Every structure is written in C-alpha cells, then in structure tokens.
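Number of protein chains: 2
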Amino acid sequence: MSRTEERARPPTMADVAHLAGVSHQTVSRVLSAHPNVRASTRAAVLQAIDTLGYRRNFSARALVTRRTLTLGVVASNPTLFGPASTLSGLEAAAREAGYMVSTVMMRRYTAAALEDAIDHLSNGGVEGIVVIVPQRETVTALAGLRLPFPVVTVEGGHDLPIPSVSVDQELGARLVTDHLLAAGHRTVWHVAGPPDWLEAEARVRGWTAALEEAGAEVPPPLVGDWTPLSGYRAGQELAGRVASGSARRRSGQVTAVFVANDQMALGVMRALREAGLSMPGQVAIAGFDDIPEADFFTPPLTTIRQDFAAVGQASIRLLVSRLEAPATVATENERMVIEPRLIVRGSSTSS
Amino acid sequence: MSRTEERARPPTMADVAHLAGVSHQTVSRVLSAHPNVRASTRAAVLQAIDTLGYRRNFSARALVTRRTLTLGVVASNPTLFGPASTLSGLEAAAREAGYMVSTVMMRRYTAAALEDAIDHLSNGGVEGIVVIVPQRETVTALAGLRLPFPVVTVEGGHDLPIPSVSVDQELGARLVTDHLLAAGHRTVWHVAGPPDWLEAEARVRGWTAALEEAGAEVPPPLVGDWTPLSGYRAGQELAGRVASGSARRRSGQVTAVFVANDQMALGVMRALREAGLSMPGQVAIAGFDDIPEADFFTPPLTTIRQDFAAVGQASIRLLVSRLEAPATVATENERMVIEPRLIVRGSSTSS
DNA sequence: GGTTTCACTGTGAGCGCTAACAATTAGCCC
DNA sequence: GGGCTAATTGTTAGCGCTCACAGTGAAACC
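These protein sequence lines map, in sequence, to chains B and D. Heads up, the first sequence is in the UniProt record's numbering, so the first residue is 1 and it goes up one at a time. Heads up, the second sequence is in the UniProt record's numbering, so the first residue is 1 and it goes up one at a time.
The structure is reproduced here in structure tokens:
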C-alpha cells in the first residue's frame with residue numbers, strides 16, 4: 001500500500017491462477033465446483049484464493065453469463081405493515097432462490113413515479129421485477145409499459161395480462177362481514193381505505209356482497225386513508241349514529257363496523273371510546289391486517305390475517321420460473337391467490 | 001421472433017451505431033452526454049436507440065468502469081417501525097445520490113448470519129454497505145471482519161473503528177425520564193428492550209443517568225423483547241406494584257413507567273387497564289419511537305420521535321463520500337449523531 | 001504394444017462497454 | 001489560400017470472466 005498508488009485493485013482470477021501455478025480456467029472450475037479437478041489442484045487453488053483474498057468479479061461474470069441474478073422490487077410506503085411484511089417475504093424467498101434484491105420505494109403513486117422507479121431498476125441490471133404498488137393508477141400505467149424483462153405484480157388485481165399474486169381481499173372482507181352478521185348485527189358499517197387502492201376497493205366489494213347475500217342493508221361506506229387519524233374522524237362520524245340510551249337497533253344505526261385496516265380501526269375505537277361507547281357492547285369492531293399491536297388494543301381487535309411470507313414466496317416463484325424456463329416454453333400468465341384468515345378477538349364478541 | 005431462435009438478444013451499442021451510421025463510440029458519447037457531438041448526429045443516434053429500444057448493458061458498463069453504483073444494506077426485521085423507516089430513508093437518499101440499493105434482511109442475529117448476509121451482498125457486487133443490525137453480537141462480529149469495501153453502521157454504537165450514524169438513544173431516554181420526574185414522580189420505572197440490543201442498553205443507561213442525577217431511586221428494570229406481548233407481561237408485573245387504595249406514593253411503588261418502545265408500551269397499558277388502573281392518573285406512561293399509532297392509544301402516548309429519514313441520509317452521505325473520495329484523501333472515521341425529540345401526549349400529563 | 005477412453009488441464013475468443021488516442025473535418029485568422 | 005485550432009468522429013485495446021474446444025497424460029482394453 002504505497003502512498004502514491006491508487007486504491008489497490010482487487011486480485012483477479014489470473015492472479016490466483018499464477019500463484020497456484022495453474023491456468024485461470026482451472027481456478028474458474030474450482031469456483032464453479034466443476035467435478036473434474038484433482039483434489040490437490042483444488043486445494044492449491046483454494047489456498048491461493050485464501051491468501052489473496054480473492055472474490056470473483058461480479059460484473060465480469062454477469063457480462064459473460066448474461067445473468068445478474070438480481071431481481072428488482074418496486075415497493076410502496078414500507079412503514080405500513082402489509083408492504084413491509086411482503087417486502088420481507090420477497091427478500092427471503094429471493095435469497096433462497098439465489099437472487100439479490102434491489103428495492104425502490106415509491107413515495108408518490110403516479111404513473112411517472114412508477115416509470116422512474118422501473119427505469120432505475122432497469123439501469124441496475126435487474127433480470128425481472130416484482131411490483132407492489134396496489135393503486136389503480138400505477139397498475140394501469142404498468143400494464144401500458146412494454147418491458148424487456150418479466151414482471152410480476154403483487155396486489156395488482158388479476159385483470160391485467162401480467163402474472164400476479166394477491167391475497168383474496170374480497171374473501172377477507174366477506175369473512176369479517178359474515179362474522180359480524182352472524183353475531184346478530186342487522187348490518188355492518190364500513191370504513192374503507194383510499195379509493196384509488198385496489199385493496200380498498202376489493203374490501204368494499206367483499207363487504208357489499210356479503211351484506212347483499214344476507215339481505216342486509218348496505219350503509220354508505222366512510223372513507224379513510226389507512227392512517228389512524230382518518231379512522232378517528234370516521235369514528236366520530238359513526239359515533240353520532242349509534243343508538244343512544246335504548247339499545248333498540250333501528251335501521252340506519254351503527255352496531256357493527258368493519259374497518260379496512262387495523263390502524264384505522266384503532267382510530268375508530270378511540271373516537272367511539274371518547275364518545276362513551278362500549279365495545280363490543282354497543283359497537284362491535286373488526287379490522288384487517290392483524291398488525292402485531294392488534295391483539296393488545298382495548299378490546300383486542302378481530303381482524304384478518306394475511307400470509308405475507310406466502311405472497312413473497314409465490315411472487316418470487318412466478319418470477320424465477322420465467323427467468324429460468326427455456327425460451328421455448330410458453331409460460332402462461334399465472335395468477336396466484338392466497339387465502340386470508342379470520343382472527344376473532346374481543347372487539348367483535350362479548351364472550 | 002422465430003419459434004426456433006433463443007430469447008432474442010437485446011440490441012447492443014454496435015447495433016445502434018450501425019443503424020445510426022456512426023461508430024459505437026459516438027453512441028457511447030451521446031449516452032454519456034458528452035458535449036462534443038453534433039446535434040444532428042445526436043438526433044440520429046437517439047432515433048436509432050428509440051427504434052431499437054436500446055438500453056446500455058449494465059454489466060459491461062460496470063466491468064469497465066469498475067462501478068456498479070450499487071450499495072448494500074443489511075437490515076433486520078422490517079416490520080418494526082424503526083428499521084422500516086430507516087430502510088426507507090436509506091433508499092431515498094441512495095437513489096438521490098444515484099445509487100441502487102440491494103437489501104438483505106437478517107432473521108437471526110448471529111455472527112454467522114451477518115457474515116452470510118454480507119457475503120451475499122458482496123457477491124452481488126455492491127460497492128459499500130450500510131449495516132443496521134443493532135445487536136451486540138452482530139456489531140462485534142462486524143468489527144472483526146476485514147472487508148474490501150467501505151462499511152457504515154447504523155445504531156451500531158460509536159466504539160468501533162467504523163463510521164457510524166445513530167440516534168442519541170441515551171438523550172432520548174433522559175428526555176423522557178426527566179419529563180416524568182418533572183411531572184412530580186418520585187422515580188420512574190423502566191421496561192427495557194432485549195438486552196442484546198445496543199439501543200435497549202443505551203436507553204437503560206440514559207434512564208439510569210437521569211434518575212441518578214435527580215437523586216431518584218433506580219428501580220430494577222423489567223425486560224421485554226420489543227413485542228406488545230412482552231410489554232403486557234411487564235405491565236402485569238408493574239400493576240402489582242401500584243399503590244392500591246390510598247394514593248400514597250411510597251418507595252417501591254410504581255407511578256411512572258418509561259417503556260423502551262411504543263409497541264411494548266401498548267402492552268403495558270393494556271395490562272394496567274385490565275388491573276383497573278387509570279392512566280395517567282395512577283400511572284404515567286411513556287414510550288419510544290412515535291409509531292403512527294401512538295397518538296391514538298388510550299391515552300395518547302408520550303414518546304420519543306427519531307428522525308429516521310435523517311439517519312438514512314447521513315449514512316448514505318458517509319458511505320458515498322468514501323466511495324467518491326480520491327484514494328489519497330484519508331477519510332476519518334466520522335460519527336454522526338441525530339438528536340431525538342420528546343413528544344408529550346396524554347399518557348404522561350393529566351392536562 | 002497400440003489403441004481407446006477417460007480424467008484433468010490449458011488456450012483462445014469474446015461478452016458489451018469505456019478510455020485513450022488517432023484521424024478527420026470544419027472554422028477561422030491573416 | 002495556407003496554416004492553425006477546435007470540434008467531431010473513428011480505431012484500438014482491454015475490463016475479468018466463462019465457454020468451447022484442444023490438448024495432455026494415465027489407465028484400460030484387446
């Protein structure tokens with residue numbers, strides 16, 4: 001390490017070969033675990049690798065093999081429980097399959113931002129991407145792009161000619177709604193997520209369908225933006241519609257609320273409590289997501305649990321199968337649907 | 001796209017050059033925004049690029065420039081608010097600086113797992129890494145590694161000869177503790193995070209110091225693992241030590257609790273409520289992190305807010321400065337400390 | 001013993017790009 | 001119009017690796 005020389009170049013395969021007294025190709029064979037290398041040769045090479053601290057050059061390898069073994073992920077706000085969990089599941093599955101994961105987080109959900117994100121990943125040499133941007137605008141923008149690598153969407157709906165993985169949001173909403181109806185409520189109110197989110201929309205659909213099938217009235221849904229604050233505001237609104245004094249359950253009155261995510265449910269609960277209402281006595285509540293906190297709300301929140309690890313695994317499987325399939329095999333546009341699960345807690349049942 | 005041919009190879013710079021009637025070098029110049037290219041030539045090249053849908057080959061570029069423009073991040077459980085937010089801040093700052101981010105999430109916090117993670121990133125050609133693994137074991141393991149690229153730690157403490165960024169946890173703990181003491185409490189109890197986490201330890205230190213400086217008794221801290229459940233258990237323990245009946249504040253009795261994170265605080269609050277205790281009337285509570293839910297707990301939680309975006313930015317700045325500094329400039333081991341902020345809410349004040 | 005067959009190792013080319021330099025053209029001055 | 005400079009373009013040589021193929025020697029077979 002002389003003072004004048006540039007940052008020392010890392011050793012190359014040729015350096016290793018020289019030190020071990022073999023050809024660079026033999027070094028390559030050792031590193032690729034090729035069977036036909038004499039044990040003593042292999043040992044010498046490994047020894048040389050060790051003393052030199054040699055590592056294969058990623059770029060050179062990628063150039064000749066045409067594989068970067070890197071997948072891109074376009075994610076959204078990772079402080080929401082769902083996206084964060086999915087991201088984690090994706091990464092685990094990718095690593096398992098031998099791929100790196102490069103992530104881009106979108107802050108605004110516009111078509112332009114999506115293109116920027118994909119462009120950035122594309123410049124980074126990813127072989128394919130998973131897009132978790134479950135807003136209508138970004139999804140349609142994605143459908144309009146012609147990309148030179150495979151794409152898989154998560155929670156992007158199944159209407160697009162793109163392989164997709166999603167949790168059956170509609171089913172989840174039905175499960176909750178049916179659960180509340182079964183508990184004897186005349187109908188179930190709903191605090192929805194932001195209307196441009198497909199998941200929010202699907203939950204509304206499931207809730208509506210469940211009510212209609214049960215012959216229950218469908219009250220107008222309130223709308224939030226996933227945040228506790230928006231839930232709180234919706235809760236104040238709802239509190240005004242709870243039967244006061246007599247427990248007579250008249251039409252138009254709130255006795256049960258399905259909130260589209262747990263964070264908003266927390267806000268709703270707070271507003272109801274401030275209004276002096278008891279839960280589940282006067283109003284039963286249920287959420288969606290099963291965040292770690294949900295079991296410790298007061299009362300513990302009935303909710304829907306989604307298997308995000310499974311979502312991540314499925315997406316990677318879909319993507320990797322496209323990357324590794326021979327070009328001759330036409331891979332159809334698979335759709336994978338993960339079933340959610342109802343978690344019943346004290347917010348919906350008096351027991 | 002004939003049926004027999006392999007997956008069509010993407011066009012190369014030579015293809016573009018041929019179509020535009022120039023040399024490949026001119027194409028390169030256009031793409032690198034070199035000034036000395038005639039406008040008409042540039043237009044022709046751009047036209048050819050467009051019709052061919054050409055994109056520069058990442059690997060070939062990286063091979064010759066010796067730059068992958070990719071940073072690695074070793075992160076931990078991203079469903080915790082802090083890590084997720086930091087990751088987000090890192091990614092934003094990296095993109096701003098023109099770098100990709102490859103992420104590896106650790107699931108177990110052992111030295112071996114850390115080495116695996118770093119190895120994986122290293123194989124992916126990262127130019128440097130940010131390690132957010134704030135456990136003692138992983139931090140010491142990291143210190144023992146001799147890596148061929150720059151490393152920056154986040155929340156890894158400042159004892160290591162490694163550039164580091166962290167929030168002043170000790171200060172945060174002092175702020176909370178002082179706040180509670182100022183409210184008239186004789187002393188403040190503590191529910192700590194897992195002992196192998198440096199942050200947990202620093203918060204204990206800050207809490208202890210604040211108490212000692214105020215001449216207050218230092219009660220034995222309870223220990224949790226960041227989860228609401230562990231907080232709940234600690235809360236049950238604490239509930240048994242709250243003065244019952246008379247409000248006399250005797251020594252050894254609990255009137256104020258500083259919980260090392262908001263999730264555990266939620267558990268504590270639930271346990272206290274189940275024990276029929278009022279907050280902040282009988283017991284004042286404060287947390288740490290300021291998760292989005294904290295303002296909607298019952299009562300709203302006094303807590304410490306950390307500027308994770310700033311942490312992310314600082315780490316990237318530190319790392320990138322090392323990558324882009326000429327080798328001759330000796331970059332000292334900088335330490336950056338971000339100051340946290342006390343957020344006072346209803347859980348600690350009766351107003 | 002000569003041929004055949006392996007197991008093992010080496011040689012050469014080239015992946016697609018950028019950097020350095022060479023070559024050409026155009027612009028400008030007197 | 002010659003000669004100079006500056007602008008523009010082309011040529012060549014790798015970056016460090018893997019692939020395809022060509023060797024080499026020793027064991028195996030008749």
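Just so you know, even glycine gets a beta-carbon here, dropped at the ideal spot from N, CA and C. Just so it is clear, the structure is predicted and the values come from calculations on it, not from any experiment.
Check                                                                                                              : Outcome
Unbroken stretches of the alpha helix (DSSP H), 4 residues or longer, contained in the stretch 140-190 of chain D  : 169-182
Stretch pair the stretch 289-298 of chain D + the stretch 39-47 of chain D: three plus CB contacts closer than 8 Å : no
Any C-beta of chain D under 8 Å from that of GLY346(B)                                                             : no
Cβ pair LEU198(D), GLY156(D) closer than 8 Å                                                                       : yes
Exposure label - GLU91(D); buried when at least 16 CB within 10 Å                                                  : buried
Entirely enclosed beta strand (DSSP E) segments - the stretch 40-116 of chain D, minimum 3 residues                : 70-75, 100-105
Distance, THR68(D) Cα to ARG29(B) Cα                                                                               : 25 Å
Coil, strand or helix - GLN253(B) by DSSP                                                                          : coil
Under 8 Å from the C-beta of ASP295(B): neighbouring residues of chain D                                           : PRO228, LEU229
THR302(B) - DSSP class collapsed to helix/strand/coil                                                              : strand
Identified DSSP bridge partners for ILE338(D)                                                                      : VAL167(D)
Rounded straight-line distance, which links the Cα of THR227(D) to that of ALA200(B)                               : 28 Å
Min CB distance PRO161(D) to chain B below 8 Å                                                                     : no
Alpha-carbon spacing of ALA113(B) relative to GLU137(B), whole angstroms                                           : 11 Å
Cβ-based burial, GLU339(D) [other Cβ within 10 Å; buried from 16]                                                  : exposed
Proximity test, GLY193(B) beta-carbon vs the ligand HEM heavy atom, cut-off 7 Å                                    : Ligands displayed in this structure: none; no statement on the ligand HEM is therefore possible.
Residues that DSSP places opposite GLN135(D) in a beta bridge                                                      : TRP197(D)
Environment of VAL64(B) [buried if 16+ CB atoms lie within 10 Å]                                                   : exposed
Environment of PRO195(D) [buried if 16+ CB atoms lie within 10 Å]                                                  : exposed
Selected residue, minimal CA-CA separation from GLY206(D), among TRP189(D), GLU213(D), LEU171(D), ARG61(D)         : LEU171(D)
Residue from PRO148(D), ALA286(D), LEU180(D) with nearest C-alpha to LEU53(B)                                      : Per the sequence shown, the amino acid found at residue 53(B) is Gly instead of Leu. Among PRO148(D), ALA286(D), LEU180(D), the Cα nearest to that of GLY53(B) is on PRO148(D).
Neighbour-count burial assignment, ALA265(D), 16 or more Cβ in a 10 Å radius                                       : buried
For LEU175(D), the nearest candidate out of THR12(D), THR302(D), HIS34(D) (CA to CA)                               : THR302(D)
C-beta atoms of THR255(D) and ALA216(D) nearer than 8 Å                                                            : no
Residue span of the alpha helix (DSSP H) that contains ALA14(D), given as start and end                            : 13-20
THR103(D) beta carbon less than 8 Å from that of VAL131(D)                                                         : no
Simplified DSSP state of ILE316(B), which is helix, strand or coil                                                 : helix
Rounded straight-line distance, which links the Cα of PHE296(B) to that of residue 380(B)                          : For residue 380(B) there is no data in the structure shown, the boundaries of chain B being 1 and 351.
Exposure label - GLY125(B); buried when at least 16 CB within 10 Å                                                 : buried
Rounded Cβ spacing between PHE258(B) and HIS190(B) (contact assumed at less than 8 Å)                              : 5 Å
Beta-carbon proximity of VAL141(B) to ILE162(B), cut-off 8 Å                                                       : In the sequence on display, residue 141(B) carries Ala and not Val. No.
Neighbour flag for PHE58(D) against chain B, beta carbons, 8 Å                                                     : yes
Helix, strand or coil at VAL268(D) according to DSSP, with G and I counted as helix                                : helix
Pairwise C-alpha distance: ARG55(B) and residue 378(B)                                                             : The structure shown has nothing for residue 378(B), since chain B only spans 1 to 351.
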